[in-house]
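S.K.: Have a look at this one.
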């Protein structure tokens, strides 16, 4: 971390501590100690060398042979083995539950499952079998379980092995004593098995003495060594332990080698330094340093920590009490290595030290005798030594020495300064020689051991060591020698507990972390240093964080994790740290300003990259690309800092959007306006899809803007700026509507859509592709607008209104074209219609032929051959009404209308006169028309035209009727008064149609301002009159109006198609249900007998009785005719359209019945006579038969007449 990087922002803070009255330890309290490299090396070498001197002396065993070796007899093995393994020590006893694992191993030997080598010998198995029998004896098991000694096992096995081998020798008649040596070997193998069993159970660690004796005994038994005991006196020789003398060679001094490596000295240089100072750096001077330090600590004198070094007196006393046992133990360790130092007795120094506390437990001579006892104990144990003994009574010098100036051999005057200097050198060396691939470790184990020795002999408190560790690491961080993540490791190590060592060093709280030590127990100097270190680190971290955060909007995120960890986990929460509130606010303001500049620079880079320099080259795609770049960066930064939205109170993503979004929005508005203006100047049209893509990007940007900046509005209205693109698209959809409808009709064969011709098609398959394609196009255009997600309800409602207008026009076009084709297919005359156009004689001959055919062959008249395509067209109209209803719900018509009413104020004031008006003119009926045919009838139809001779509508033809009823409607759109001319014509198959009459009606919107329907009986200019029903509705640009118009068009087309179908059946209904049929039934036995009598010139003289079968038989031709036609319809029409046809047909039947019962409603008198009672009964019986016919059940069990319309 370079110093240049820290100069970009300098926080203004200074250390103001109220603890500035502290004084450093030692003679240099008034000045800062500067430790040279050589001085640090010298004192580090002293402690490392002292560590070598005080290491426990190594010992080796030396055998002293007897002048005359003794011979061992095999009979004394039991005694020797017992002597070898017997001991009262707990370390010799076997563990609890050892009996079962041993028996299991013996059993494995016997069964050959023992994995150890050498146990498959047959002689060995015999010995183990004998021993296994003895071991499993209950009395033996109880005995060994209680004592847990190994001696009974060994003796019992040796006895069993001797017994087994002796028995085998007797069986083989062996004459030598070789079996005795075999028994020794078998016992050695048993000892090996016992040792392995203990090792497998993990008892070798807690019973090292037992394992050692077992190993020695096994080796001697296997090698037939005569000395089975370490201290055996039977052979005259013995092993003695001798101390290995010190070599004073650097190679044998691990800690000295560590010092040499750290300070860059060769082994020869270090060896020379040691040789030069061997007479000074001695154990005597070490114990003298400890004694002097103990004296100064006890008397609160300079040269050790004093009460004035602590803020609290309790803290000093606590430290003082904790130091006493550790000092005693250090002195004891020195005396252990150099016991002769304890034999020197003098009390001169003790008596010359005023105020030094005397031991209340031991006197001077008693102290020496206790130390001598502890050192000269047989096992070398010092466990029973009282560590609270005051070693201040020990004196190595008879002369009194003043201690105003503390002169030490191994302790420097300013131990903390020296420790910090050596610590710095250790960290530098370990950093340079660390493995680059390994994790960062501030100190190696060798350096830790050296520093621990320095702390022990220089009596540095644990908190001082840790604070010095942090101080040095922070200094290295400030100097750029280590990284922030390395400093995190240092802080974690300093503040967390250390693992306990096998041999605890003589230092109070040596394994505690800094957080576990109460700060009130620290020295004033340490607290001030730590506080100053934290403040310096805080300032440096803020500078680094500022420099790092300036790159937070770059492609690669800066690594601020370590810096934030140091700030949030190690600096700010620390009780010793006290930051000024204004400093954090100053940093937040400074960082905010820097991030705003960085965001501006990032946006300007996008502008230069995405936008051409010349405005004439700007396109919508440039705005889209620029917006995507801004959005991408915004999403990246939001995701990048999802878990860290704020840094020191500064919102990173928030600043980015506050800067970039408004800048982009202003630039986008300018670019769009300029691009549109340039396109208009060049008389070019911008691609609509580019406009839609731009809108989607801007909407996404606006959504992000509102989420990030809810209180700041978007810079401009996107919809107002880009609405023309949607209107262009809507107008295009309106323009191609007629083409789409015509194309769908031209490509439609109007066939039932079924995959299997042998399968009855469902209702969903009985409409053709044209209506599906048209409404698919309707839904696609609607979805296109919905997918824009246009964020203007008024605009959206107007778009839907325009689309509804085009839908209504398309549906009208579709209905007109289908109705033309349907009419063409239905205008083929039936046999009955052809007969109606014949002369009276021809008609009479035709009816006679019908009667003769009915009498002789019983054949029914041929039904009209309906085309399946005609019925499919009717199905299409019915399906279109269903789809129109779905489309209305999908477009939410009512909501759109309500939005426009509120926006345009239509709910408060309705306009008086719309621009256009729709008149619905219904041609109801005519009366007393002129007869134009020779038979006294006419075949009238009505043609409506305007005053400009433009045909507006033509009704269907009603055959042979002077009082026809049409009930047909037409919609006429006008913007001013219009004269409607109604002309009635008589249809002729051949030649010109005859004129029946003419009348006119003026439709004036003013006269219909109340919007109420009116009826007009208009007199014809010849004779008779025409009834017209007129209603008016204002033609308005309203979505509900357009849907209503489309629905009326569909409904009218369906009604007209159904009427054309039923008109084909009316001739048969009129011929069957007529006065002629009724008269023939009353006069004779039916129409067949009457016609037959006419041809045979024979009259009936006897009165005939009309039976029920005759009455019903008169309707059989009609029923048969219905059945044939209904079968054709059932195969193609849907249930809904079939119901409409049947409903209309039932109405025709009722009108035919009604025409027999009552005369036509007219002001003019009628020539129709009333029916007789018999005729009336026949008519009602016909009505009942017809009702039953229409209520007949089909295969599914349903009937048409069950519908409520019947």
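Numbering (the UniProt record's numbering), first residue to last: 1 to 1206. Where a beta carbon is used, it is the ideal one built from N, C-alpha and C, also for glycine.
#1: Which term fits residue 1188, buried or exposed, when burial requires 16 or more other beta carbons within 10 angstroms of its beta carbon?
#2: Quick one: grab the DSSP three-state call for residue 642.
#3: What are the residues that DSSP puts in a beta bridge with residue 926?
#4: Looking at the strands, I want to know which residues DSSP matches up with residue 971.
#5: Can at least three beta-carbon pairs, one atom from the segment 653-664 and one from the segment 628-644, be found at a separation below 8 Å?
#6: For residue 1032, write down the residues that DSSP places opposite it in a beta bridge.
#7: Rounded to whole angstroms, what's the CA-CA distance from residue 194 to residue 335? Just pull it up for me.
#8: Ends of the alpha helix (DSSP H) at residue 517?
#9: DSSP on residue 333, reduced to helix/strand/coil?
#10: Pull up the CB-CB distance for residue 467 and residue 526, whole angstroms please, since I reckon it's below 8 Å.
#11: Tell me the DSSP secondary structure of residue 460 in three-state form.
#12: With C-beta atoms as the reference, is residue 163 less than 8 Å away from residue 130?
#13: Which two residues bound the contiguous alpha helix (DSSP H) that contains residue 1015?
#14: Of the choices 274, 816, 993, 722, whose alpha-carbon is the least far from that of residue 791?
#15: Can you name the start and end residues of the alpha helix (DSSP H) that residue 1082 belongs to?
#16: If you follow the alpha helix (DSSP H) that residue 128 is in, where does it begin and where does it stop?
#17: Could you tell me whether the Cβ atoms of residue 426 and residue 280 are closer together than 8 Å?
#18: Would residue 1142 be called buried (16 or more neighbouring beta carbons within 10 Å of its own) or exposed?
#19: When the Cα atoms are used, what is the spatial distance from residue 269 to residue 253?
#20: Would you check if there are 3 or more beta carbon pairs closer than 8 Å linking the segment 436-447 to the segment 318-335?
#21: Out of 802, 306, 663, 116, which one is the CA nearest neighbour of residue 192?
#22: Quick check on residue 961: does DSSP put it in helix, strand or coil?
#23: Short of 7 Å in beta carbon distance, which residues of its chain neighbour residue 993, apart from the five on each side in sequence? Order them along the chain.
#24: Starting from residue 310, follow its DSSP beta bridges and name the residues at the other end.
#25: Would the segment 472-485 count as touching the segment 561-577 if we require 3 or more Cβ pairs under 8 Å?
#26: Judging by CA-CA distance, which residue of 296, 298, 587, 285 is the nearest neighbour of residue 338?
#27: Where does the unbroken beta strand (DSSP E) through residue 999 begin, and where does it stop?
#28: Which value, in whole angstroms, describes the spacing of the CA atoms of residue 264 and residue 639?
#29: Would you kindly report the start and end of the unbroken alpha helix (DSSP H) that includes residue 287?
#30: Which whole runs of the alpha helix (DSSP H) in the segment 677-733 are 4 residues long or more, in chain order?
#31: May I have the straight-line CA-CA distance separating residue 1191 from residue 1039, to the nearest angstrom?
#32: For residue 979, which three-state DSSP category applies?
#33: Let me confirm a value: residue 1173 is counted as buried when at least 16 other C-beta atoms fall within 10 Å, else exposed. Which label applies?
#34: So for residue 550, helix, strand or coil by DSSP?
#35: By Cβ distance, which residues of its chain are closer than 8 Å to residue 669, with the 5 residues on each side in sequence left out?
#36: With 16 other CB atoms within 10 Å as the buried threshold, where does residue 727 fall?
M.R.: Taking the structure as given:
#1: Numbered from its first residue, the chain shown carries residue 1188 at position 1188. Burial call: exposed.
#2: Indexing the chain shown from 1 puts residue 642 at position 642. DSSP places residue 642 in coil when its eight states are reduced to three.
#3: To locate residue 926, count along the chain shown from 1; it is residue 926. Answer is 1026, bridged to residue 926.
#4: Your numbering for residue 971 matches position 971 in the chain shown. For residue 971, which the question treats as bridged, DSSP gives the partners 920.
#5: yes
#6: The residue you call residue 1032 lines up with position 1032 of the chain shown. Answer is 919.
#7: In the chain shown, counting from the first residue as 1, residue 194 sits at position 194. In the chain shown, counting from the first residue as 1, residue 335 sits at position 335. So the two alpha carbons sit approximately 41 Å from each other.
#8: For this step, residue 517 is matched to residue 517 along the chain shown. That residue, residue 517, is in no alpha helix (DSSP H); it is neither H nor E in DSSP.
#9: Counting from 1 along the chain shown, the entry for residue 333 is found at position 333. Of the three classes helix, strand and coil, the one that applies to residue 333 here is helix, per DSSP.
#10: Within the chain shown, residue 467 is the residue found at index 467, counting from 1. Within the chain shown, residue 526 is the residue found at index 526, counting from 1. Confirmed, about 5 Å.
#11: Translated into the one-based positions of the chain shown, residue 460 becomes position 460. Coil at residue 460, not helix or strand.
#12: Residue mapping note: residue 163 aligns to position 163 of the chain shown, counting from 1. Residue mapping note: residue 130 aligns to position 130 of the chain shown, counting from 1. It is a contact, given that the beta carbons lie within the stated cut-off.
#13: For the purposes of this step, residue 1015 is taken as the residue at position 1015 of the chain shown. From DSSP, residue 1015 is part of no alpha helix (DSSP H) but of the beta strand (DSSP E) over 1014-1019.
#14: The residue you call residue 791 lines up with position 791 of the chain shown. Nearest option by C-alpha distance: 722.
#15: Taking the chain shown and counting its residues from 1, one reaches residue 1082 at position 1082. From DSSP, the alpha helix (DSSP H) with residue 1082 extends over 1075-1083.
#16: On the chain shown, position 128 is the one that residue 128 refers to. Residue 128 -> alpha helix (DSSP H) spans 122-135.
#17: Taking the chain shown and counting its residues from 1, one reaches residue 426 at position 426. Taking the chain shown and counting its residues from 1, one reaches residue 280 at position 280. Contact flag unset, no.
#18: As a first step, residue 1142 must be located in the chain shown, where it is residue number 1142. It is buried - the Cβ of residue 1142 has at least 16 other Cβ atoms within 10 Å.
#19: Start at 1 with the first residue of the chain shown, and residue 269 comes out as number 269. Start at 1 with the first residue of the chain shown, and residue 253 comes out as number 253. Those two C-alpha atoms are separated by around 14 Å.
#20: no
#21: Taking the first residue of the chain shown as position 1, residue 192 is located at position 192. Minimum Cα distance to residue 192 is reached at 116.
#22: On the chain shown, position 961 is the one that residue 961 refers to. Correct three-state label for residue 961: coil.
#23: Start at 1 with the first residue of the chain shown, and residue 993 comes out as number 993. 985, 986, 987.
#24: The residue you call residue 310 lines up with position 310 of the chain shown. Bridge partners of residue 310: 523.
#25: yes
#26: For the purposes of this step, residue 338 is identified with residue 338 of the chain shown, where counting begins at 1. Comparing Cα positions, the closest option is 285.
#27: Locating residue 999 in the chain shown gives position 999, where the first residue counts as 1. Segment 994-1003, the beta strand (DSSP E) holding residue 999.
#28: Along the chain shown, read from residue 1 onward, the residue named residue 264 stands at position 264. Along the chain shown, read from residue 1 onward, the residue named residue 639 stands at position 639. Distance between the alpha carbons of residue 264 and residue 639: 50 Å.
#29: Within the chain shown, residue 287 is the residue found at index 287, counting from 1. Here the alpha helix (DSSP H) through residue 287 covers 283-299.
#30: 688-708
#31: In the chain shown, counting from the first residue as 1, residue 1191 sits at position 1191. In the chain shown, counting from the first residue as 1, residue 1039 sits at position 1039. So the alpha carbons of these two residues sit roughly 42 Å apart.
#32: Stepping through the chain shown from its first residue, residue 979 is reached at position 979. Three-state DSSP puts residue 979 in a strand.
#33: Here the question's residue 1173 lines up with position 1173 in the chain shown. So residue 1173 ends up on the exposed side.
#34: As a first step, residue 550 must be located in the chain shown, where it is residue number 550. Three-state DSSP puts residue 550 in coil, outside helix and strand.
#35: Locating residue 669 in the chain shown gives position 669, counting from the first residue. Taken in chain order, the residues that qualify are 715, 716, 721.
#36: Numbered from its first residue, the chain shown carries residue 727 at position 727. Flag for residue 727 reads exposed.
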